[in-house]
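Protein chains in written order, with the numbering used here: chain A, 4 to 331; chain B, 4 to 331.
For every residue, glycine included, the Cβ atom is placed at its ideal position computed from N, Cα and C.
Protein chains: 2
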Amino acid sequence: MSVATVSRSFTVPASVANATRERVLAVAAELHYEPNRAARGLITGRTGNVGVIVPDLGNPYFHAVLKGAQARARRADYAVFVADGQESASEEEDLINAMRKQVDGIVLCSSRLPTAKLASLDNPPTVVLLNRRVAGRASVVVDSADGMKQAVRHLAELGHRRCVFVSGPRRSWSNQQRQQGLRAAARAHRVEYEILGPVAGAGGVQFQSGVETAEQVLETGATAVLAYNDLVAVGILSRLAELGVGVPEELSVVGFDDIPLAAMVTPPLTTVSLPTVQAGEAAVDVLFERLRSGDSVQPTSRKLPAELIVRSTTGPPPRRAKRALRSH
Amino acid sequence: MSVATVSRSFTVPASVANATRERVLAVAAELHYEPNRAARGLITGRTGNVGVIVPDLGNPYFHAVLKGAQARARRADYAVFVADGQESASEEEDLINAMRKQVDGIVLCSSRLPTAKLASLDNPPTVVLLNRRVAGRASVVVDSADGMKQAVRHLAELGHRRCVFVSGPRRSWSNQQRQQGLRAAARAHRVEYEILGPVAGAGGVQFQSGVETAEQVLETGATAVLAYNDLVAVGILSRLAELGVGVPEELSVVGFDDIPLAAMVTPPLTTVSLPTVQAGEAAVDVLFERLRSGDSVQPTSRKLPAELIVRSTTGPPPRRAKRALRSH
DNA sequence: ATGAAAGCGCTAACAT
DNA sequence: ATGTTAGCGCTTTCAT
Numbered sequence: 004m005s006v007a008t009v010s011r012s013f014t015v016p017a018s019v020a021n022a023t024r025e026r027v028l029a030v031a032a033e034l035h036y037e038p039n040r041a042a043r044g045l046i047t048g049r050t051g052n053v054g055v056i057v058p059d060l061g062n063p064y065f066h067a068v069l070k071g072a073q074a075r076a077r078r079a080d081y082a083v084f085v086a087d088g089q090e091s092a093s094e095e096e097d098l099i100n101a102m103r104k105q106v107d108g109i110v111l112c113s114s115r116l117p118t119a120k121l122a123s124l125d126n127p128p129t130v131v132l133l134n135r136r137v138a139g140r141a142s143v144v145v146d147s148a149d150g151m152k153q154a155v156r157h158l159a160e161l162g163h164r165r166c167v168f169v170s171g172p173r174r175s176w177s178n179q180q181r182q183q184g185l186r187a188a189a190r191a192h193r194v195e196y197e198i199l200g201p202v203a204g205a206g207g208v209q210f211q212s213g214v215e216t217a218e219q220v221l222e223t224g225a226t227a228v229l230a231y232n233d234l235v236a237v238g239i240l241s242r243l244a245e246l247g248v249g250v251p252e253e254l255s256v257v258g259f260d261d262i263p264l265a266a267m268v269t270p271p272l273t274t275v276s277l278p279t280v281q282a283g284e285a286a287v288d289v290l291f292e293r294l295r296s297g298d299s300v301q302p303t304s305r306k307l308p309a310e311l312i313v314r315s316t317t318g319p320p321p322r323r324a325k326r327a328l329r330s331h
Numbered sequence: 004m005s006v007a008t009v010s011r012s013f014t015v016p017a018s019v020a021n022a023t024r025e026r027v028l029a030v031a032a033e034l035h036y037e038p039n040r041a042a043r044g045l046i047t048g049r050t051g052n053v054g055v056i057v058p059d060l061g062n063p064y065f066h067a068v069l070k071g072a073q074a075r076a077r078r079a080d081y082a083v084f085v086a087d088g089q090e091s092a093s094e095e096e097d098l099i100n101a102m103r104k105q106v107d108g109i110v111l112c113s114s115r116l117p118t119a120k121l122a123s124l125d126n127p128p129t130v131v132l133l134n135r136r137v138a139g140r141a142s143v144v145v146d147s148a149d150g151m152k153q154a155v156r157h158l159a160e161l162g163h164r165r166c167v168f169v170s171g172p173r174r175s176w177s178n179q180q181r182q183q184g185l186r187a188a189a190r191a192h193r194v195e196y197e198i199l200g201p202v203a204g205a206g207g208v209q210f211q212s213g214v215e216t217a218e219q220v221l222e223t224g225a226t227a228v229l230a231y232n233d234l235v236a237v238g239i240l241s242r243l244a245e246l247g248v249g250v251p252e253e254l255s256v257v258g259f260d261d262i263p264l265a266a267m268v269t270p271p272l273t274t275v276s277l278p279t280v281q282a283g284e285a286a287v288d289v290l291f292e293r294l295r296s297g298d299s300v301q302p303t304s305r306k307l308p309a310e311l312i313v314r315s316t317t318g319p320p321p322r323r324a325k326r327a328l329r330s331h
């Protein structure tokens, strides 16, 4: 029996007689033989690998994305490379180049690269952007502007008239989306707002930033705070507890992302749930589509819905007298 | 100029005249040329990749491990494959086989595979175990037994005489280590203890398990609880807050792992800090050592120290009268 | 110090 | 339906 027949039994089963194929597969199983992917890739030009690059492997938001991406990839019998861009554009670029030949495509999560660079990346590999949208590139984004609108509406319905947004990194696409949503929703529901921050510390937007911003939030006199993400929100919550400020009696708090942490803190955090696992899956999905269709066709952009999860950190605003008392 | 010279410029720079090499490298840089790793691997037998398999990508403990592993690998210009074993032994085995040809080595984190299987895995690829020790296999373990001792000593010094351990999965190596440490420390410090659980729900030992165990903990009459991990501890904390039980006034709580969450909850959790990022780095380190030395030499086993981090969930036990009151 | 050539494990034409 | 063969991009003898 020739090597070609064996090869065909794996790659084009139909092209081989049933009996032969079964014999091949049986022996292969016994020998634990599996075609060497590297060698296969050398000739087919496809590696069977995808890469996922995130800005920070320490950030829970990306864990969920990674989990989704890995699961989806595995279902298609693809393996996934991960890399941590360390919040650095240049490291991210190096990573892309290092991966280039080893993968069929790359999912770039919340890329720190400038738009121009993103637009000019050459394929292969095919790249799919997550939480970023740039002309000519396939992408998956989460509708966080709408999430913000839901949050503001919720606050307005509770009676809040004045809120503050603790902003994330100014250049961040997601942050811009959220601010846009805020502007629109605030106008629609007649609530005033103020923006604090950005609060990005080293290593991304973190808990500590929230801790440090809590008092500034109090000083604004707002009755509700919307945080750029859950980590910041929980930081605020933590400092508020130290300060003895009641949540939500004295101040309502809303987060973003709905990372597992959000449900675990006391009181459980009201937050805008972003479908992160699904976003990871969708990104790989779009990647596969694109791999199939070729880079000639128009790249798709998928938008996933956000959903407000009301837990226990939001409630009616305090009565005026009480606030006035506090502020002195 | 021949391909051989180019190849040598990259792989054995010394074997090529300075002038030639520089010329090669210059042109390569200009063309963004990099040797194709797959093709190289085909002939050298080394891929330049390592695999990391974790039981659950959703578990914060493993994020830290992954972060460390990725960082260490990247420093050596290795790329890393990740895969999620989904807490399943068979999936884990499949993953190992799928990776086999694509990596030089695999880091197996808290493997769910039985010892016999682990011992009989064939190399290549070289495997390094994390949080598991089996004869003949290289491994990195964290001294969680000692961490447990530190925790018990701390409680004993505060005056606690009766505590309860909320156990993790019975078959888990780490869990066994912790129980062993507990037994020894309890005897040394004359502390009585009781074991509750195991509490493993679907998807590992989680927050929810803690929530569900909190009341059982109260019923034991113990003045302190040691949880298998931080997730469980935080679950207990959360339920306790709902129940209006003061921590640490009425009950002290100690976690394990020191995941970021531990510092973020209110009150901040006293916990045994395990050097997870370093464990990830160490595992890849050991892997590289082994790759260099060949599988003939005796496999090393590295043990990393644990350290108790005292935050705000531990304090002196309540006075008897108060407890007696509570229990009726 | 450099080049020529074999061959790593596989797939894809092209025979038969 | 199966076999033969070229060659993917590299490294590594073996010559020179």
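Check, Outcome
"Spatial neighbours of B/Leu307 within its chain, please: C-beta separation below 8 angstroms, excluding the five flanking residues on both sides.", "Val143, Val144, Val145, Asp146, Leu277, Pro278, Gln281, Ala282, Ala285"
"Quick one: does A/Ser276 have its CB under 8 angstroms from some CB of chain B?", "no"
"Mind pulling the alpha helix (DSSP H) runs of 4 or more residues that sit fully within the stretch 36–120 of chain B?", "40–47, 63–78, 92–102"
"Closer than 7 angstroms by C-beta to A/Arg305: which residues in its own chain qualify, once you throw out the five before and the five after it? Chain order, please.", "Val143, Ala285, Val289"
"Classify A/Ser296: buried if its beta carbon has 16 or more other beta carbons within 10 angstroms, exposed otherwise.", "exposed"
"Tell me the residue span of the beta strand (DSSP E) that contains A/Leu158.", "Premise fails: A/Leu158 lies in the alpha helix (DSSP H), 147–161, not in any beta strand (DSSP E)."
"Can you tell me which residues form a DSSP beta bridge with A/Asp260?", "A/Ser276"
"Can you give me the Cβ contacts of A/Asp149 inside the same chain, cut-off strictly under 8 angstroms, excluding the 5 residues immediately before and after it?", "Gly184, Pro308, Ala309"
"In this structure, how does DSSP classify B/Val131 when only helix, strand and coil are distinguished?", "strand"
"So A/Thr273 packs on A/Thr226, CB below 8 angstroms; how close in whole Å?", "Their Cβ separation, rounded to whole angstroms, is 14 angstroms, which puts A/Thr273 and A/Thr226 out of contact at 8 angstroms."
"Using 8 angstroms as the threshold, is the C-beta distance between B/Leu234 and B/Val250 below it?", "no"
"Tell me whether A/Val30 sits in a helix, a strand or coil according to DSSP, three-state version.", "helix"
"Using C-beta distances below 6 angstroms, list every residue in its chain close to A/Gly200, excluding the 5 sequence neighbours before and after it, in chain order.", "Val169, Ser170"
"Looking at the structure shown, is B/Arg326 part of a helix, part of a strand, or coil, going by DSSP?", "Its pLDDT being 45, under 50, B/Arg326 is placed unreliably in this model, and the value from its coordinates should be taken loosely. In this structure, B/Arg326 counts as helix in the three-state DSSP scheme."
"Chain A partners of B/Glu284, CB-CB under 9 angstroms?", "Chain A residues near B/Glu284: none, gap ~13 angstroms exceeds 9 angstroms."
"Measure from the alpha carbon of B/Gly224 to the alpha carbon of each residue in B/Thr269, B/Thr216, B/Val167, then state which is nearest.", "B/Val167"
"Using C-beta distances below 8 angstroms, list every residue in its chain close to A/Leu246, excluding the 5 sequence neighbours before and after it, in chain order.", "Ala217, Glu218, Leu221"
"Do the stretch 131–138 of chain A and the stretch 154–162 of chain A make contact, defined as three or more Cβ pairs closer than 8 angstroms?", "no"
"Kindly indicate which residue of A/Ala119, A/Val83, A/Ala101 has the alpha-carbon position closest to the one of B/Ala79.", "A/Ala101"
"Mind listing the chain A neighbours of B/Lys104? Cutoff is C-beta to C-beta under 8 angstroms, in chain order.", "Glu37, Asn39, Arg40, Ala41"
"Mind pulling the alpha helix (DSSP H) runs of 4 or more residues that sit fully within the stretch 184–237 of chain A?", "210–222"
"Going by beta carbon distance, what residues of the same chain come within less than 7 angstroms of A/Arg287, once the five residues before and after it are set aside?", "According to the sequence as given, residue 287 of chain A is Val; it is not Arg. Hits under 7 angstroms: Val53, Ala72, Arg75, Ala76, Val110."
"Can you find a CB in chain A that lies within less than 8 angstroms of the CB of B/Phe210?", "yes"
"How far does the beta strand (DSSP E) with A/Val167 in it extend, from its first residue to its last?", "165–169"
"Secondary structure at A/Val143, three-state DSSP: helix, strand or coil?", "strand"
"DSSP has B/Glu310 in a bridge; who is on the other side?", "B/Ser276"
"Would you mind telling me which residues of chain B sit closer than 7 angstroms to A/Leu60, beta carbon to beta carbon, in chain order?", "His66, Leu69, Lys70, Gln73"
"If you run the structure through DSSP and keep just helix, strand and coil, what is B/Ser304?", "strand"
"Judging by CA-CA distance, which residue of A/Met267, A/Pro38, A/Asn232, A/Pro263 is the nearest neighbour of A/Val257?", "A/Asn232"
"Can you check whether the C-beta of B/Lys325 is within less than 8 angstroms of a C-beta belonging to chain A?", "Bear in mind that the predicted position of B/Lys325 carries a pLDDT of just 47, short of 50, making it unreliable; the figure below should be weighed with that in mind. No, B/Lys325 does not count as interfacial toward chain A."
"If you run the structure through DSSP and keep just helix, strand and coil, what is B/Ser315?", "coil"
"What are the start and end residues of the alpha helix (DSSP H) that includes A/Ser12?", "6–14"
"According to the Cβ coordinates, are A/Leu28 and A/Ser12 closer than 8 angstroms?", "yes"
"Any C-beta of chain A within less than 8 angstroms: which residues of the stretch 254–269 of chain B qualify?", "Pro263, Leu264, Ala266, Met267, Val268, Thr269"
"Return the residue from the list B/Val30, B/Thr8, B/Ala31 that minimises the CA-CA distance to B/Ala20.", "B/Thr8"
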